[in-house]
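What follows is a short report on a single structure.
Number of protein chains: 2
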Amino acid sequence: MESEPSIFDVILNQRACRQFRDDPVSDELLERCLRAATHAPSAENLQPWIFVVVREAQQRRALGELCSQAWERGGRAHSEDRLPAPLFRDVDAAAQSGFETAPVFIVVCGDSNVGLAQTLPSSVFPAAQNLLLAAAGCGLGTAMTTLATAFRNELMELLELPSHVLPLAVLPLGWPQRPLGPPKRIPFQEKTYRDRFSSPW
Amino acid sequence: MESEPSIFDVILNQRACRQFRDDPVSDELLERCLRAATHAPSAENLQPWIFVVVREAQQRRALGELCSQAWERGGRAHSEDRLPAPLFRDVDAAAQSGFETAPVFIVVCGDSNVGLAQTLPSSVFPAAQNLLLAAAGCGLGTAMTTLATAFRNELMELLELPSHVLPLAVLPLGWPQRPLGPPKRIPFQEKTYRDRFSSPW
Chain A
4 MESEPSIFDV ILNQRACRQF RDDPVSDELL ERCLRAATHA PSAENLQPWI
54 FVVVREAQQR RALGELCSQA WERGGRAHSE DRLPAPLFRD VDAAAQSGFE
104 TAPVFIVVCG DSNVGLAQTL PSSVFPAAQN LLLAAAGCGL GTAMTTLATA
154 FRNELMELLE LPSHVLPLAV LPLGWPQRPL GPPKRIPFQE KTYRDRFSSP
204 W
Chain B
4 MESEPSIFDV ILNQRACRQF RDDPVSDELL ERCLRAATHA PSAENLQPWI
54 FVVVREAQQR RALGELCSQA WERGGRAHSE DRLPAPLFRD VDAAAQSGFE
104 TAPVFIVVCG DSNVGLAQTL PSSVFPAAQN LLLAAAGCGL GTAMTTLATA
154 FRNELMELLE LPSHVLPLAV LPLGWPQRPL GPPKRIPFQE KTYRDRFSSP
204 W
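Here the protein sequences come in this chain order: A and B.
The first sequence runs 4 to 204 under my numbering.
The second sequence runs 4 to 204 under my numbering.
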């Protein structure tokens with residue numbers, strides 16, 4: 004078994020991937036990622052997450068269509084003047100096509116019968132982040148997207164979700180079409196304070 | 004330099020820590036964790052996170068007091084009959100004392116001037132999870148808590164936060180008082196569906 008990448012290598016090099024090679028992703032790899040997701044912390048350890056792994060071509064197309072509609076009807080206009088041009092082109096091409104090159108989507112949901120509605124985001128997004136990191140640790144590409152949740156009702160209908168299961172994120176997943184460069188981040192020193200907001204780190 | 008733990012070792016063994024040894028945590032280690040946090044994905048890569056690292060004794064006591072008040076006034080009654088007895092005893096002891104053994108708290112906030120209010124949770128909780136994983140990768144203990152955010156105004160006043168910086172989680176952090184056992188998790192198969200909710204994994 005080849006050695007696994009270190010936690011810091013994976014975290015510091017994580018980057019959104021939106022274009023994928025035409026290669027399938029095995030159940031075994033997805034299961035590694037899903038197992039990692041379910042080891043996240045959650046309020047009262049209630050584990051109110053639900054994952055819908057979408058590989059069926061027709062479901063993928065319908066899901067991609069919701070992403071692209073959300074993009075056309077508001078996302079693009081909102082982002083066009085705000086994103087750096089290369090990032091905008093990347094996102095625009097992927098969202099417009101409904102992430103059509105992704106062989107898998109994982110829809111991450113919160114179960115409001117299991118966790119309190121107000122604690123779902125703090126309980127479910129850490130699990131989604133574990134999933135993204137585990138995927139990166141396997142060499143897979145992913146991205147955290149929430150665009151499609153703008154069409155919550157349509158998304159719930161498509162996935163046959165009962166009313167207590169709320170979709171919170173849609174993660175396209177697959178083998179990256181090209182190597183991803185290093186992520187661009189503002190230094191933590193500009194985001195960190197000591198004891199109180201009047202005292203920068 | 005000793006070898007870093009693998010991404011899967013850290014993720015699969017992450018567990019909440021609520022009792023800490025009386026040893027300080029260096030700036031260097033905190034900076035590793037904060038750097039990891041700032042490498043999380045965020046909507047439009049806007050990075051709307053803010054971290055307030057609280058080590059000053061008086062600020063820690065005041066912050067702990069908010070946690071314990073939130074616990075006394077609602078958290079305990081809500082959790083008492085729902086949590087397994089050993090977990091409840093652990094949480095109760097730690098929350099009642101305001102996590103008094105923690106040498107550091109990191110308050111994770113969202114900046115609504117930088118990110119849209121509705122995308123703050125999806126942009127900030129992945130960063131918080133990165134921080135927890137990085138801490139675990141360094142041998143530190145932490146827990147994701149949101150109790151104190153029930154007293155948002157008091158918390159904002161204590162940390163001198165401007166109105167656009169919203170506290171979303173409070174992470175006590177330090178060296179674990181005792182080794183943490185393996186986390187208890189529901190198998191992912193019970194939380195996962197294939198293509199639609201009518202089709203279990």
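Note that the Cβ used here is the ideal one computed from N, Cα and C, for glycine as well.
The structure displayed is predicted, hence computed values, not measured ones.
Inter-residue CB distance, residue i and residue j (contact presumed, cutoff 8 Å)
i	j	result
V56 of chain B	V107 of chain B	6 Å
L169 of chain A	G113 of chain A	5 Å
D26 of chain A	W178 of chain A	5 Å
Local conformation of residue i per DSSP, three classes
i	result
F54 of chain A	strand
P124 of chain B	helix
A19 of chain B	coil
V13 of chain B	helix
S202 of chain A	strand
R35 of chain B	helix
T149 of chain B	coil
P89 of chain A	helix
C70 of chain A	helix
F108 of chain A	strand
V28 of chain A	coil
G101 of chain B	coil
R188 of chain A	coil
A172 of chain B	strand
D84 of chain B	coil
G118 of chain B	coil
R181 of chain B	coil
Euclidean distance between Cα positions of residue i and residue j
i	j	result
L66 of chain A	W52 of chain B	29 Å
L33 of chain B	L49 of chain A	29 Å
A235 of chain A	R24 of chain B	Nothing about residue 235 of chain A can be reported from this structure: the residues present for chain A run from 4 to 204 only.
R188 of chain A	L119 of chain A	33 Å
S45 of chain B	V127 of chain B	7 Å
R15 of chain B	L143 of chain A	Sequence inspection shows Leu at residue 15 of chain B; the Arg mentioned does not correspond to that position. So the two alpha carbons sit approximately 18 Å from each other.
T195 of chain B	S9 of chain B	25 Å
P129 of chain A	L171 of chain A	12 Å
L176 of chain A	R63 of chain A	12 Å
E160 of chain A	P203 of chain B	17 Å
E59 of chain B	C141 of chain B	22 Å
R199 of chain A	A138 of chain A	36 Å
R79 of chain A	A88 of chain B	50 Å
S100 of chain B	S71 of chain B	6 Å
Q180 of chain A	I109 of chain B	38 Å
A98 of chain B	L158 of chain B	16 Å
S201 of chain A	A105 of chain B	23 Å
T122 of chain A	M147 of chain B	11 Å
E103 of chain B	V117 of chain B	33 Å
F7 of chain B	G77 of chain B	Just to set this straight, residue 7 of chain B is Glu in the shown sequence, not Phe. About 40 Å.
E193 of chain B	A39 of chain A	14 Å
L162 of chain A	R35 of chain A	23 Å
V111 of chain B	R197 of chain A	12 Å
E75 of chain A	Q61 of chain A	21 Å
D84 of chain A	D84 of chain B	51 Å
Test: residue i CB closer than 7 Å to a CB of chain D
i	result
G140 of chain A	Structure shown: chain D not included; protein chains present are A and B.
Under 7 Å between C-beta atoms of residue i and residue j
i	j	result
S82 of chain B	H167 of chain B	no
P186 of chain B	R18 of chain B	yes
N156 of chain B	A43 of chain B	no
A151 of chain B	L37 of chain B	no
S154 of chain A	A73 of chain A	According to the sequence shown, residue 154 of chain A is Phe rather than Ser. Yes, the pair counts as a contact, with Cβ atoms nearer than the cut-off.
L136 of chain B	V13 of chain B	yes
D93 of chain B	R21 of chain B	yes
T145 of chain B	L174 of chain B	yes
L86 of chain A	E47 of chain B	yes
T41 of chain B	F191 of chain A	yes
Contact set between the stretch 88–121 of chain A and chain B, restricted to residues whose Cβ is under 7 Å from the partner: L90
Just by C-beta distance, which residues in the stretch 167–198 of chain A are closer than 8 Å to chain B? V168, L171, A172, P186, K187, R188, I189, P190, F191, K194, T195, Y196, R197 and D198
Output needed in chain order: residues of the stretch 63–82 of chain B with a Cβ under 8 Å from some Cβ in chain A. S82
Pull out every residue of the stretch 20–32 of chain B whose Cβ sits closer than 7 Å to any Cβ of chain A, in chain order. Hits within the stretch: zero.
For the stretch 49–63 of chain B, which residues have a beta carbon sitting closer than 7 Å to at least one beta carbon of chain A? Within the stretch 49–63 of chain B, the residues whose Cβ lies closer than 7 Å to some Cβ of chain A are Q50, W52, I53, F54, V55, V56, V57, R58, E59 and Q62, listed in chain order.
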